[in-house]
Structure formats: structure tokens, C-alpha cells
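**Q**
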Amino acid sequence: MSDQLENNVREALAASTNMGEMQDADAVGSAGSPGCGDMMRVWVKYGHDSQGRTTIDRATFQGFGCETAMAVASVATEMLKGKTLDEAQALGGAELSAPLGPLPPMKIHCATLVEEALRQALSPAPAKPTSPQPTSATPGGDLMDSMMQGNNAPRKKIVFLNPDPQP
Ligand code: FES
């Protein structure tokens with residue numbers, strides 16, 4: 014990974030204001046596999062523009078994966094604000110990660126993880142639950158609970174990023 018990309022990732026994480034569950038979300042989408050350790054969840058709150066079209070008012074994320082995935086989710090959730098559903102659904106991993114600069118091939122899947130979680134959230138069909146129903150009050154439930162339901166849960170090591178770094 015280039016120094017420039019590393020800097021951009023670090024800055025995106027430090028500036029992130031969209032990290033965390035959204036209690037009043039209208040939609041939620043998850044992507045990844047609890048078995049391999051990379052997982053992303055995106056919450057979306059809808060609004061309307063002056064023409065009455067449904068738009069994304071705000072979006073938040075929570076993830077377990079590498080810093081690049083978290084940084085892509087951070088810039089992507091910022092980018093989504095004010096977009097219509099068609100505009101948001103047209104965004105692929107390359108567009109969602111563009112503010113960070115080009116990703117090397119080994120990091121493309123980090124952006125794909127965010128894209129897939131977003132697509133599931135914006136999917137008109139309600140997502141079929143694939144795991145026991147969450148007990149959290151947040152739509153989609155707590156991502157930590159989902160992570161710990163995999164067969165390999167006892168072997169997982171979770172390192173938390175500090176969403177509010179000290180100066
Ligand atoms: Fe797997 Fe980034 S999400 S390496």
C-alpha cells in the first residue's frame with residue numbers, strides 16, 4: 014500500500030463521523046462472512062429532495078475488517094448524503110473509495126465489502142435473515158453479535174479503532 018493511500022486512510026478514519034449503529038435507520042444492509050472475519054454493516058436514513066424524490070439523508074457503518082474497509086465506509090457514507098436511490102445504487106466500489114485514491118488490487122475487496130453492504134441496504138426486497146434474530150433495538154442488530162455467531166468465533170481477535178482520537 015502506498016504512503017499516500019495509507020495517509021488518506023488514516024485521515025478518513027480520524028475524520029469519520031458516521032461510525033456506529035443508527036437506531037432510527039430506515040434500512041440496513043450487511044456484507045461479508047463471519048467465518049473469514051471481514052464484515053460490514055451499513056444503516057441508511059431516507060429523506061426527500063425538493064422534487065419529492067427519496068434521497069439518502071444520512072448513512073452510518075460498523076465493520077470488522079481492515080482499516081481500508083473502514084476508511085472506504087467512512088468516505089462512502091459521507092458521499093451518500095443527498096443522493097437519490099438510483100444515484101446511490103449506481104455507485105460501485107471504485108466510486109465509493111475514490112476519495113482515498115486508487116486502491117491496489119489486494120484492497121479492491123475492501124471497497125467491494127462496503128458496496129455489497131450498501132446494495133443490500135438499498136435493495137427493495139427485505140433481506141432474508143441468515144442468522145438468529147438480533148436482540149438489539151438497532152435495525153439489523155449489533156454487528157458484534159453477528160460476528161460471534163460464526164463457527165470460528167472463539168478464534169477471532171477484534172481490535173477496535175478509536176473513532177474519536179485524541180489530538
Ligand atoms: Fe479484507 Fe480489507 S476487508 S483486507
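Whatever position you read off the sequence shown (first residue = 1), add 13 for my numbering.
The beta-carbon is built from N, C-alpha and C at its ideal position, and this holds for glycine as well.
As an exercise, report each continuous alpha helix (DSSP H) stretch of at least 4 residues that is fully enclosed by the region 24-95, in chain order.
**A** Qualifying alpha helix (DSSP H) stretches, in chain order: 80-92.
**Q** Flag this pair as yes or no: are the beta carbons of SER87 and PHE74 separated by less than 9 Å?
**A** Working through the sequence shown from its first residue, we reach residue 87 at position 74. Working through the sequence shown from its first residue, we reach residue 74 at position 61. Their beta carbons are under 9 Å apart, which means SER87 touches PHE74 by this criterion.
**Q** Run the CB neighbour count on THR90, radius 10 Å, all protein chains shown included, and call it buried at 16 or more, exposed below.
**A** Within the sequence shown, residue 90 is the residue found at index 77, counting from 1. Per the 10 Å Cβ criterion, buried.
**Q** Indicate, with yes or no, if ligand 1 has a heavy atom lying under 8 Å from the CB of THR90.
**A** Reading the sequence shown from its first residue, position 77 is the one you call residue 90. THR90: no, Cβ never under 8 Å from ligand 1.
**Q** Answer yes or no: the CB of ALA82 versus the heavy atoms of ligand 1, is any distance below 8 Å?
**A** To locate residue 82, count along the sequence shown from 1; it is residue 69. Yes; taking the cut-off as 8 Å, the Cβ of ALA82 has a heavy atom of ligand 1 nearer than that.
**Q** Would the C-beta of GLY78 count as close to ligand 1, meaning under 8 Å from any of its heavy atoms?
**A** Counted from its first residue, the sequence shown places residue 78 at position 65. Yes.
**Q** Classify THR151 as helix, strand or coil using the three-state DSSP reduction.
**A** Here residue 151 refers to the residue found at position 138 when the sequence shown is read from its first residue. Coil at THR151, not helix or strand.
**Q** Rounded to a whole number of angstroms, what is the C-alpha to C-alpha distance between LEU109 and ASN21?
**A** Translated into the one-based positions of the sequence shown, residue 109 becomes position 96. Translated into the one-based positions of the sequence shown, residue 21 becomes position 8. Roughly 14 Å separates the two Cα atoms.
**Q** Would you say the beta carbon of LYS120 comes nearer than 8 Å to a heavy atom of ligand 1?
**A** Sequence index remark: in the sequence shown, residue 120 carries index 107 (1-based). Yes, ligand 1 has a heavy atom inside 8 Å of this Cβ.
**Q** Is LEU26 near ligand 1, in the sense that its beta carbon is under 8 Å from a heavy atom of that ligand?
**A** The residue labelled residue 26 in the question sits at position 13 within the sequence shown. No; taking the cut-off as 8 Å, the Cβ of LEU26 has no heavy atom of ligand 1 nearer than that.
**Q** CB ASP39 to CB VAL55, shorter than 9 Å?
**A** For the purposes of this step, residue 39 is identified with residue 26 of the sequence shown, where counting begins at 1. For the purposes of this step, residue 55 is identified with residue 42 of the sequence shown, where counting begins at 1. The answer is no: Cβ separation not under 9 Å.
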